[in-house]
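A.B. asks:
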Amino acid sequence: MRSNGVVIAIDGHSSCGKSTVARAIADRLGIRYIDSGAMYRAVTVYFMQNNIPLPAVDGKDNPDYRPVLEKINIEFHDNLKTGLAEVYLNGQNVNEEIRSMEVSQAVSRVSSIKEIREKMVWMQQHLDRHKGIVMDGRDIGTTVFPDADLKIFMTADINIRAQRRFDELQRKGIKATMEEVVENLRMRDHDDTNREASPLRMADGAVVLDNTHLNREQQLDFIVKSLQHKGLSD
């Protein structure tokens with residue numbers, strides 16, 4: 006399988022397993038995985054740590070966030086024990102903090118800020134990808150890598166997504182009710198698809214992966230077959 010230089014963009018709704026599948030396919034292909042959503046979550050953590058007001062829901066009378074962005078540095082460092090890339094905010098590992106419900110409830114509003122999206126997209130586009138890269142998020146195939154070799158749009162039934170998210174929170178000891186999780190997903194779906202800057206939509210040429218009733222191996226097989234169809238795999 007040719008993996009050097011292959012760029013795979015995976016977009017889709019919240020909690021449909023994009024990160025899990027992206028990590029797994031990157032591991033199978035031996036290329037790098039980047040969770041773009043973790044970058045926006047890290048910015049959200051910075052906002053919370055420094056009591057920076059969130060943007061108004063109506064997008065009016067927001068402050069100039071550019072001075073804030075100058076103080077934010079986000080990096081990915083490989084964890085040698087797990088083999089996974091972990092998120093560092095200004096030198097601090099925030100891999101656990103970014104998954105809290107508090108961050109989940111605020112990240113859509115933070116990621117709607119035009120200046121933040123522009124900086125994150127610039128950072129993502131300037132990552133080293135000559136050895137191949139898999140990136141997941143909301144605007145990877147439409148904005149970050151519109152020239153990606155393969156574009157996947159992932160989705161699943163909202164009740165299935167909510168159960169997966171709820172189970173993940175339970176495993177991590179994070180308290181939340183199923184009702185809170187469902188409402189959070191509905192809010193994020195609305196915010197992601199209706200924001201002015203880089204709204205969530207299916208990229209031109211993307212293939213839809215509905216994993217409502219698919220396990221991880223079936224999803225990986227779907228992506229591999231999609232690569233083969235494009236002549237990017239043996």
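In our numbering, the protein residues as written are 6 to 239. Glycine included, each C-beta is placed from N, C-alpha and C at the ideal position.
Specify the secondary structure class of Thr119 as computed by DSSP and reduced to three states.
C.D. replies: Correcting the residue identity first, residue 119 is Lys in this sequence and not Thr. The answer is helix: DSSP assigns Lys119 an H, G or I state.
A.B. asks: Have a look at Glu102, Phe81, Arg71 and flag the residue whose alpha-carbon is nearest the alpha-carbon of Met53.
C.D. replies: Selected option, being the one with the closest Cα: Glu102.
A.B. asks: Taking 9 Å as the cut-off, decide whether the C-beta atoms of Ile157 and Ile77 are in contact.
C.D. replies: No, Cβ-Cβ distance for Ile157 and Ile77 is not below 9 Å.
A.B. asks: Just to confirm the assignment: which complete alpha helix (DSSP H) runs, minimum length 4, are found wholly within the segment 178-231?
C.D. replies: Here the runs fully enclosed are 183-199.
A.B. asks: Taking the beta carbon of Ala167 as the centre, do at least 16 other beta carbons fall within 10 Å, making it buried, or is it exposed?
C.D. replies: Buried, by the Cβ-count rule.
A.B. asks: What are the boundary residues of the alpha helix (DSSP H) that includes Ala167?
C.D. replies: First-last of the alpha helix (DSSP H) with Ala167: 163-176.
A.B. asks: Shortest alpha-carbon distance to Ala161 belongs to which of Leu219, Asp141, Gln110?
C.D. replies: For the residues Leu219, Asp141, Gln110, the minimum Cα distance to Ala161 belongs to Leu219.
A.B. asks: Under 9 Å between the Cβ atoms of Met44 and Met125?
C.D. replies: Their beta carbons are under 9 Å apart, which means Met44 touches Met125 by this criterion.
A.B. asks: If you drop the 5 nearest sequence neighbours on each side, which residues of the same chain put their C-beta closer than 6 Å to that of Phe150?
C.D. replies: Contacts found: Val12, Ala14.
A.B. asks: Among Met207, Gln110, Leu34, which residue has its Cα nearest to the Cα of Val139?
C.D. replies: Comparing Cα positions, the closest option is Leu34.
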